[in-house]
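In the working numbering, the protein residues as written are 281 to 577.
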């Protein structure tokens, strides 16, 4: 299949593109930055917010993996109007299947950025296209970057009452690739990490892996979204689950040496080594930093 990936340069996109290529699909990546084709990916310029270039990007594809997001501070600029534009143009082009990546809890705690995710889900479901919604729990990679932002503080504020279920982007990508190959499911599918941790365990594991020593100050985070998280609305019991734990993501065990040369020397899509955490392209929409509107010079 020829699959268009929006947000192809983001955290999840950086894992999904190689997973799709490995499965034998042709991949077309949508980017707001014009670039030459590389790594067997056909890059198309397009802007979901304005709609420029999107009509050309959806032409002739068999499926769309819609990963692009405004992020938590983007006020839904891509999640809602961008998704609406994409669905209209995809319907006009006769695209058979759209997979949209959302977040676990969007249907139970539609506050803040989750409200935008739920509205985008509705747009996909009512598009007239074959659809699949994949709701994931927070990524290891996103939590790692978020904690790094607090590393300079002398004390880390910790709400012990908050449960987290981090999942590796490579495993989410593998799940998404399988769902794309299977065709439209016409349902919401949840996918979470293998364990639920409280914030203190999450932070202390990260401090140990980072070689840092910081006291943890007990606090209680305010707001409806944190209240919903405290109630367990942002975790899932759905199976299958990911297998890479938070500890193993931060401190990977030694690799198992196989007699198969290829398996020893080819990075798995679930391997942390394949994740573009330092990729400057993360600042293009689709990354967790969020979408920024183009500015005029």
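We put the beta carbon where it would ideally sit given N, CA and C, even for glycine.
Quick one, are the C-beta atoms of residue i and residue j less than 8 Å apart?
i, j, result
"residue 479", "residue 440", "yes"
"residue 391", "residue 500", "no"
"residue 284", "residue 300", "no"
"residue 476", "residue 515", "yes"
"residue 288", "residue 339", "no"
"residue 414", "residue 458", "no"
"residue 345", "residue 324", "no"
"residue 438", "residue 396", "no"
"residue 409", "residue 483", "no"
Where residue i and residue j are concerned, what is the direct C-alpha to C-alpha distance, given to the nearest angstrom?
i, j, result
"residue 423", "residue 446", "8 Å"
"residue 384", "residue 426", "19 Å"
"residue 490", "residue 431", "9 Å"
"residue 461", "residue 378", "12 Å"
"residue 370", "residue 469", "22 Å"
"residue 304", "residue 412", "20 Å"
"residue 550", "residue 295", "Caution is warranted here: a pLDDT of 46 is assigned to residue 550, below 50, making its placement in the model unreliable, and no coordinate value can be reported."
"residue 526", "residue 481", "10 Å"
"residue 416", "residue 524", "14 Å"
"residue 465", "residue 394", "22 Å"
"residue 493", "residue 487", "6 Å"
"residue 286", "residue 534", "34 Å"
"residue 495", "residue 358", "38 Å"
"residue 348", "residue 386", "16 Å"
"residue 399", "residue 366", "14 Å"
"residue 513", "residue 381", "18 Å"
"residue 522", "residue 471", "7 Å"
"residue 290", "residue 497", "33 Å"
"residue 342", "residue 282", "5 Å"
"residue 442", "residue 473", "16 Å"
"residue 363", "residue 403", "7 Å"
"residue 330", "residue 322", "21 Å"
"residue 312", "residue 327", "6 Å"
"residue 434", "residue 428", "13 Å"
"residue 419", "residue 530", "12 Å"
"residue 520", "residue 454", "12 Å"
"residue 607", "residue 502", "Residue 607 cannot be examined here, being either before or after the span of the chain that is shown, 281 to 577."
"residue 306", "residue 532", "31 Å"
If you reduce the DSSP assignment to three classes, tell me which class residue i lands in.
i, result
"residue 281", "coil"
"residue 374", "coil"
"residue 450", "helix"
"residue 459", "helix"
"residue 498", "strand"
"residue 392", "coil"
"residue 410", "strand"
"residue 528", "helix"
"residue 491", "coil"
"residue 359", "helix"
"residue 485", "helix"
"residue 430", "coil"
"residue 521", "coil"
"residue 424", "helix"
"residue 508", "helix"
"residue 514", "coil"
Looking only at DSSP bridge pairs, what is residue i linked to?
i, result
"residue 416", "383, 471"
"residue 367", "Paired residues: none, contrary to the question."
"residue 478", "443"
"residue 344", "284, 378"
"residue 436", "496"
Taking only runs that begin and end inside the region 287-327, name each unbroken beta strand (DSSP E) of 3 or more residues, in chain order. 306-311, 321-325
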